[in-house]
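Residue numbers (my numbering): 122 to 432.
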């Protein structure tokens with residue numbers, strides 16, 4: 122059993138703690154102040170109850186999971202006795218460097234520090250560390266307690282020992298680790314996700330279809346296949362000769378935009394930032410936000426149940 126220290130009590134931080142505790146690990150979570158901790162505890166409890174309602178866990182497990190997670194406002198208390206650390210603070214390089222300096226003054230040189238960054242390069246993140254060989258990037262996906270994927274990315278000086286230990290910890294959390302052979306912006310998942318997002322923006326800006334129909338074209342087609350077969354396996358099943366022929370003429374016509382699309386730019390300039398501001402591509406009244414997020418979590422729970430049955 123691992124004792125994890127998670128630095129950052131936001132959505133990702135407390136979700137990672139939930140995932141770890143669910144699979145027998147203890148997790149100490151650091152929040153910057155009492156308000157941060159209180160918000161994290163409420164989010165943790167809400168996610169835990171939804172898992173129970175959907176019978177992903179039993180009533181006895183709820184209490185066991187809760188007993189394995191402790192929240193702190195002291196970083197020193199959080200990392201005391203920890204054998205693996207996951208940093209989940211906001212995506213700001215200067216802030217992360219500051220956190221690593223604090224951590225290196227509090228822990229042994231052999232304790233792994235893993236960052237949950239979704240895009241910053243591990244070599245750059247570790248450049249000011251005294252022991253960059255023990256640094257690695259572990260990109261969990263939101264919601265971290267329900268999505269199995271964790272991308273593991275080494276920096277130029279990350280040791281093989283660190284990678285082995287990291288993979289072991291991630292597997293003990295019952296996650297599906299994917300090891301990148303080289304670091305690059307966006308890793309694998311976000312590069313694929315944003316390739317689709319770029320094309321969706323281009324279709325919307327060109328007036329090809331409504332936003333609702335563009336989304337429906339994904340959720341009612343490839344979205345149904347992707348939980349089982351990724352893009353390369355899908356091509357194998359469809360016939361590589363066919364996929365080659367389509368690639369040969371379609372690639373020339375796909376979006377190659379180097380900047381965000383017109384509609385997205387206008388929305389951001391007008392501070393319409395999506396669900397968190399109440400409006401984005403769609404309007405997000407509170408009841409719709411809750412309904413969509415609950416539906417998404419229930420779908421993810423359904424897939425997790427299938428995974429568990431297959432094991």
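Backbone N, C-alpha and C define an ideal beta-carbon position, used for all residues, glycine too.
7 Å Cβ shell around residue i - same chain, five flanking residues per side excluded
{"i": "residue 311", "result": "239 and 240"}
{"i": "residue 114", "result": "Nothing about residue 114 can be reported from this structure: the residues present for the chain run from 122 to 432 only."}
{"i": "residue 218", "result": "249"}
{"i": "residue 130", "result": "150, 151, 152, 157, 158, 161 and 192"}
{"i": "residue 267", "result": "418, 421, 422 and 425"}
{"i": "residue 166", "result": "none"}
Other residues of its chain near residue i: CB distance less than 6 Å, five sequence neighbours each side excluded
{"i": "residue 269", "result": "296 and 297"}
{"i": "residue 286", "result": "233"}
{"i": "residue 322", "result": "382 and 385"}
{"i": "residue 178", "result": "172"}
{"i": "residue 143", "result": "186"}
{"i": "residue 405", "result": "396 and 399"}
Sub-9 Å separation of residue i and residue j beta-carbons
{"i": "residue 158", "j": "residue 194", "result": "yes"}
{"i": "residue 128", "j": "residue 207", "result": "yes"}
{"i": "residue 138", "j": "residue 190", "result": "yes"}
{"i": "residue 226", "j": "residue 209", "result": "no"}
{"i": "residue 230", "j": "residue 125", "result": "no"}
{"i": "residue 169", "j": "residue 200", "result": "no"}
{"i": "residue 335", "j": "residue 325", "result": "yes"}
{"i": "residue 253", "j": "residue 288", "result": "no"}
{"i": "residue 437", "j": "residue 422", "result": "Outside the displayed span of the chain (122 to 432) sits residue 437, for which this structure offers no information."}
{"i": "residue 205", "j": "residue 123", "result": "yes"}
{"i": "residue 197", "j": "residue 244", "result": "no"}
{"i": "residue 361", "j": "residue 350", "result": "no"}
{"i": "residue 164", "j": "residue 136", "result": "yes"}
{"i": "residue 293", "j": "residue 134", "result": "no"}
{"i": "residue 276", "j": "residue 257", "result": "yes"}
{"i": "residue 410", "j": "residue 391", "result": "no"}
{"i": "residue 242", "j": "residue 306", "result": "yes"}
Per DSSP, cross-strand counterpart(s) of residue i
{"i": "residue 400", "result": "395 and 404"}
{"i": "residue 148", "result": "125 and 190"}
{"i": "residue 300", "result": "273"}
{"i": "residue 235", "result": "207 and 257"}
Close Cβ partners of residue i (< 8 Å) along its chain, the five nearest in sequence each way excluded
{"i": "residue 319", "result": "376, 378 and 382"}
{"i": "residue 352", "result": "313"}
{"i": "residue 330", "result": "324 and 338"}
{"i": "residue 364", "result": "356"}
{"i": "residue 332", "result": "325, 402 and 403"}
{"i": "residue 283", "result": "233, 254, 255, 256, 257 and 275"}
{"i": "residue 416", "result": "none"}
Near the ligand SAH: residue i beta-carbon under 8 Å from a heavy atom
{"i": "residue 134", "result": "Questions concerning the ligand SAH fall outside what the structure shown contains, since it holds no ligand whatsoever."}
Can you find at least 3 beta carbon pairs, one from the region 137-151 and one from the region 397-405, that sit closer than 8 Å? The region 137-151, when compared against the region 397-405, does not touch it at the 8 Å Cβ threshold.
Taking only runs of the beta strand (DSSP E) that begin and end inside the region 156-225, which ones reach a length of at least 3 residues, in chain order? Entirely contained in the region 156-225, the beta strand (DSSP E) runs reaching 3 residues are, in chain order, 190-193 and 205-208.
Along the chain, which unbroken stretches of the alpha helix (DSSP H) at least 4 residues long are found entirely within the region 241-296? Look at the region 241-296 and you find these whole runs of alpha helix (DSSP H), each 4 residues long or longer: 243-246 and 281-293.
In chain order, each beta strand (DSSP E) run of at least 3 residues that lies wholly inside the region 343-384: Listed in chain order, there is nothing to give.
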